[in-house]
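Quick note, the sequence shown lines up with residues 431 to 851 if you use this note's numbering.
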Amino acid sequence: MKEQQINQAFEYAKTRYTELGIDVEKALTDLDKLSISLHCWQADDVSGFENGDGELTGGIQATGNYPGKARTIAEVRSDIDKAMSLIPGEHRVNIHAFYGDFGGESVDRNQIEPKHFQSWIDWAKEKGYKLDFNCTCFSHEKSADGFTLSHRDAEIREFWIDHVIRCRKIAEEMGRQLGSKCIHNIWIPDGSKDLTIDRSLYRQNLKDSLDKIFEYKTNDEYMLDSIECKLFGIGSESFVVGSHEFYMGYGIANKKMITLDSGHFHPTEVISDKISSLLLFATEIMLHVSRGVRWDSDHVVILNEELQAIAQEIIRNKALDRVHVGLDYFDASINRIGAYVIGVRATQKAFLQALLEPIAQLRAFEANSQNFERLALLEEAKSLPWAAVYDYYCLNKGVVAAEAYITDIQQYEKDVTSKRA
Ligand code: RNT
Ligand code: ZN
């Protein structure tokens with residue numbers, strides 16, 4: 431698409447939105463505030479860089495064997511840089527503990543320290559990214575039987591408590607050095623394939639472990655804690671210790687942020703409808719935007735109805751500054767850099783659509799019980815020229831507009847990823 435074309439289409443879009451009382455420039459300023467946390471684990475199928483066998487366990491799976499997966503930290507960073515160059519705006523990178531820069535040494539999870547993440551911090555500083563962080567309580571011999579913080583064995587629980595506290599300290603250091611609060615998210619795989627009798631024992635253990643973890647007080651200028659629930663995983667179909675009720679209760683009672691992952695509920699249950707409830711009781715929330723398909727919770731994010739609903743709920747609630755948006759999916763069957771770019775651009779488009787909604791008019795219809803009018807305007811809003819506004823946003827940010835990123839990624843594949851054995 432030519433620059434002139436983009437500008438012309440934008441001018442038309444602006445006129446159209448103005449007719450509806452919508453300020454396009456304001457929408458663009460707001461969109462620019464949406465800093466999306468890009469998960470580092472799409473680049474290498476959640477393998478990490480420890481010295482082990484790298485087998486992914488914990489009820490999550492990256493299926494597919496598309497060539498070109500990142501094999502080193504340098505390759506992950508290069509792929510993320512490439513993806514970032516095709517995404518307008520300023521964003522964050524979400525790192526997992528097993529992506530530490532261990533320099534070829536075996537460093538167990540209860541030995542990691544901020545120094546193992548200094549090269550990530552330096553890279554982020556250089557590129558202008560902010561960082562988020564996660565403890566890694568899976569793909570490890572001490573999680574092999576499916577339990578970590580809720581384990582029956584106190585020694586195993588202690589190991590993981592130690593790991594998570596270390597991770598919170600690392601997150602604190604990331605936030606301090608980068609001058610932006612780092613969110614440390616706790617997700618554990620704990621659960622079982624089949625009927626479990628003593629559910630309360632595991633949940634009591636998890637509660638006690640979390641209490642111990644949070645006894646270490648971090649500086650909340652530098653980091654924020656979040657906890658993530660799940661309904662079921664692969665191999666933990668019948669019981670998951672950290673259910674929605676568990677973390678919702680724990681988070682509200684202990685003032686910890688709750689992470690809602692869009693793939694972590696019953697296939698017909700959506701997180702968009704949880705946002706307005708949660709925001710009444712929590713100051714901030716974290717999202718793992720994903721796309722569940724049947725049994726899988728982690729397909730590449732696309733511009734579907736639920737993504738649009740998530741964005742609408744945040745914008746209609748004026749909660750852009752209270753909801754942290756991160757992505758979480760891993761598709762090993764397509765070009766992995768392409769997977770990043772598709773997901774982030776889809777998320778931005780959903781937010782832009784929401785920012786361009788004729789909300790005042792819709793609210794007025796609703797208050798007047800004009801429900802036909804409300805539905806009709808919602809339908810019309812879907813086909814307003816928001817895409818022209820997104821193209822213009824890309825152009826303004828010096829990023830290729832529309833489908834042009836496809837050839838860019840093909841070129842990177844040709845030059846870089848296809849050469850990886
Ligand atoms: C797993 C959770 C969790 C992970 C990452 C790798 O179901 O969604 O957030 O995807 O920690
Ligand atoms: Zn998640």
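Cβ coordinates follow ideal geometry from the N, Cα and C atoms, glycine included.
Bear in mind the structure is a predicted one, so any value in this text is a computation, not a measurement.
(message) Please list the terminal residues of the continuous beta strand (DSSP E) segment that includes Arg-501.
(response) On the sequence shown, residue 501 is found 71 positions in, with the first residue counted as 1. No beta strand (DSSP E) holds Arg-501; DSSP gives it neither H nor E.
(request) Taking 8 Å as the cut-off, decide whether the C-beta atoms of Tyr-632 and Ile-657 are in contact. (result) In the sequence shown, the residue the question calls residue 632 occupies position 202. In the sequence shown, the residue the question calls residue 657 occupies position 227. It is not a contact, given that the beta carbons lie outside the stated cut-off.
(message) Buried or exposed, going by whether 16 or more other CB atoms sit within 10 Å of the CB of Lys-560?
(response) Position 130 of the sequence shown, counted from the start, is the residue given in the question as residue 560. By the 10 Å Cβ count, Lys-560 comes out buried.
(request) Report the option in Cys-612, Glu-588, Ile-595, Trp-816 whose CA atom is closest to the CA atom of Met-716. (result) Residue mapping note: residue 716 aligns to position 286 of the sequence shown, counting from 1. Answer by Cα proximity: Cys-612.
(message) Can you give me the C-alpha to C-alpha distance between Leu-579 and Leu-640, rounded to a whole angstrom?
(response) As a working note, residue 579 is residue 149 in the sequence shown. As a working note, residue 640 is residue 210 in the sequence shown. Each residue's Cα considered, the two are about 8 Å apart.
(request) Report the option in Ser-727, Leu-785, Leu-750 whose CA atom is closest to the CA atom of Thr-713. (result) For the purposes of this step, residue 713 is taken as the residue at position 283 of the sequence shown. Taking only the C-alpha atoms, the option nearest Thr-713 is Leu-750.
(request) Could you tell me the distance, in whole angstroms, from the CA atom of Gly-693 to the CA atom of Gly-768? (result) Here residue 693 refers to the residue found at position 263 of the sequence shown. Here residue 768 refers to the residue found at position 338 of the sequence shown. In this model, Gly-693 and Gly-768 are separated by some 20 Å (Cα to Cα).
(request) Check each residue's C-beta against every heavy atom of ligand 2 and list, in chain order, those closer than 5 Å. (result) Taking a cut-off of 5 Å from the heavy atoms of ligand 2, the residues with a C-beta inside it are Asp-691, His-718, Asp-758.
(message) So, with DSSP's three-state summary, where would you put Ile-740?
(response) One-based indexing of the sequence shown puts residue 740 at position 310. Note: Ile-740 maps to helix in three-state DSSP.
(message) Nearest by alpha-carbon distance to His-469: which of Pro-518, Arg-522, Ile-551 is it?
(response) Residue mapping note: residue 469 aligns to position 39 of the sequence shown, counting from 1. Among Pro-518, Arg-522, Ile-551, the Cα nearest to that of His-469 is on Arg-522.
(request) Measure the alpha-carbon distance for Asn-747 versus Gly-605 and round it to whole angstroms. (result) On the sequence shown, position 317 is the one that residue 747 refers to. On the sequence shown, position 175 is the one that residue 605 refers to. Approximately 27 Å between the Cα atoms of the pair.
(message) Is His-570 close to ligand 1? I mean its beta-carbon at under 7 Å from any heavy atom of the ligand.
(response) Within the sequence shown, residue 570 is the residue found at index 140, counting from 1. Relative to ligand 1, even the nearest heavy atom lies 7 Å or more away from the CB of His-570.
(request) Could you tell me if Leu-737 is buried or exposed, where buried requires 16 or more neighbouring beta carbons within 10 angstroms of its beta carbon? (result) Numbered from 1 along the sequence shown, position 307 holds the residue referred to as residue 737. Buried: at least 16 other Cβ atoms inside 10 Å.
(message) According to DSSP, is Leu-757 part of a helix, a strand, or is it coil?
(response) Within the sequence shown, the letter at position 327 stands for residue 757. Looking at Leu-757 - three-state DSSP - the assignment turns out to be strand.
(message) Give me, in chain order, the residues of the same chain whose beta-carbon lies closer than 7 Å to that of Phe-760; leave out the 5 immediate sequence neighbours on both sides.
(response) Residue numbering aside, residue 760 sits at position 330 when the sequence shown is read from its first letter. Cβ within range, chain order: Trp-471, Gln-472, Asp-475, Val-476, Ala-492, Asp-728.
(request) Using the Cα positions of Ala-683 and Ile-740, report the straight-line distance between them to the nearest angstrom. (result) In the sequence shown, the residue the question calls residue 683 occupies position 253. In the sequence shown, the residue the question calls residue 740 occupies position 310. Spanning the two alpha carbons is a distance of roughly 25 Å.
(message) Does the beta-carbon of His-754, which I'm using as the reference point, lie nearer than 7 Å to any heavy atom of ligand 1?
(response) Locating residue 754 in the sequence shown gives position 324, counting from the first residue. The answer is no for His-754.
(request) Express the C-alpha separation of Thr-847 and Ala-500 in angstroms, rounding to a whole number. (result) On the sequence shown, residue 500 is found 70 positions in, with the first residue counted as 1. On the sequence shown, residue 847 is found 417 positions in, with the first residue counted as 1. The alpha-carbon atoms of Ala-500 and Thr-847 are separated by roughly 8 Å.
(request) Go to Lys-560, then tell me how far its beta strand (DSSP E) extends in each direction, as first and last residue. (result) As a position in the sequence shown, residue 560 is number 130, starting the count at 1. Secondary structure note for Lys-560: its beta strand (DSSP E) is the uninterrupted segment 560 to 564.
(request) Give the secondary structure of Leu-654 by DSSP, where H, G and I count as helix, E and B as strand, and everything else as coil. (result) In the sequence shown, the residue the question calls residue 654 occupies position 224. It is a strand residue.
(message) With a threshold of 8 Å, are at least 3 pairs of Cβ atoms found where one atom belongs to the region 699 to 709 and the other to the region 644 to 655?
(response) Touching, no.
(request) Report buried or exposed for Ala-790, applying the criterion of at least 16 other Cβ atoms within 10 angstroms of its Cβ. (result) Your numbering for residue 790 matches position 360 in the sequence shown. Counting the other CB atoms within 10 Å of its CB gives Ala-790 a total below 16, which places it among the exposed residues.
(message) Rounded to whole angstroms, what is the Cα-Cα separation between Lys-827 and His-593?
(response) Within the sequence shown, the letter at position 397 stands for residue 827. Within the sequence shown, the letter at position 163 stands for residue 593. It is roughly 40 Å from the alpha-carbon of Lys-827 to the alpha-carbon of His-593.
(message) Quick check: does the Cβ of Glu-658 come within less than 7 Å of any heavy atom belonging to ligand 1?
(response) Position 228 of the sequence shown, counted from the first residue, corresponds to residue 658. It does: the Cβ of Glu-658 is within 7 Å (strictly closer) of some heavy atom of ligand 1.
(request) Report yes if the C-beta of Ser-727 is less than 7 Å from at least one heavy atom of ligand 1; otherwise report no. (result) Stepping through the sequence shown from its first residue, residue 727 is reached at position 297. Indeed, a heavy atom of ligand 1 lies less than 7 Å from the Cβ.
(request) Return helix, strand or coil for Arg-582, following the three-state DSSP convention. (result) One-based indexing of the sequence shown puts residue 582 at position 152. Secondary structure at Arg-582: coil, using DSSP grouped into helix, strand and coil.
(request) Measure the Cβ-Cβ separation of Leu-733 and Ala-797 and say whether it is below 8 Å. (result) Walking along the sequence shown from the start, residue 733 turns up at place 303. Walking along the sequence shown from the start, residue 797 turns up at place 367. Not closer than 8 Å, so no.
(message) On the DSSP bridge list, what partners appear for Val-723?
(response) On the sequence shown, residue 723 is found 293 positions in, with the first residue counted as 1. Bridge pairing for Val-723: Asp-726 [DSSP].
(request) Say yes only if the C-beta of Trp-553 is nearer than 7 Å to one or more non-hydrogen atoms of ligand 1, and no if none qualify. (result) Position 123 of the sequence shown, counting from 1, holds the residue named residue 553. Placement of the Cβ of Trp-553 at a distance of 7 Å or more from every heavy atom of ligand 1 is found.
(message) Is His-526 a contact residue of ligand 1, with contact defined as CB to any heavy atom under 7 Å?
(response) Here residue 526 refers to the residue found at position 96 of the sequence shown. Yes, Cβ of His-526 sits closer than 7 Å to a heavy atom of ligand 1.
(request) Would you list the one or two residues that DSSP bridges to Val-670? (result) Walking along the sequence shown from the start, residue 670 turns up at place 240. Bridge partners of Val-670: Gly-621.
(request) Spell out whether any CB of chain C is found under 8 Å from the CB atom of Asn-747. (result) Any reference to chain C falls outside this structure, which holds one protein chain only.
(request) Please state if the CB of Leu-786 and the CB of Val-819 are separated by a distance shorter than 8 Å. (result) Counting from 1 along the sequence shown, the entry for residue 819 is found at position 389. Counting from 1 along the sequence shown, the entry for residue 786 is found at position 356. The Cβ atoms of Val-819 and Leu-786 sit closer than 8 Å to each other.
(request) Could you give the DSSP three-state label for Cys-659: helix, strand or coil? (result) Mapped onto the sequence shown, residue 659 falls at position 229. Here DSSP, grouped into helix, strand and coil, assigns Cys-659 to coil.
(message) Any heavy atom of ligand 1 inside 7 Å of the beta-carbon of Leu-564?
(response) Looking up residue 564 in the sequence shown gives position 134. Reading off the sequence, residue 564 comes out as Asn, not Leu. Taking the Cβ of Asn-564 as the reference point, at least one heavy atom of ligand 1 falls within a distance shorter than 7 Å.
(message) I need the DSSP call for Arg-522, collapsed to helix, strand or coil.
(response) As a working note, residue 522 is residue 92 in the sequence shown. For Arg-522, the three-state secondary structure derived from DSSP is strand.
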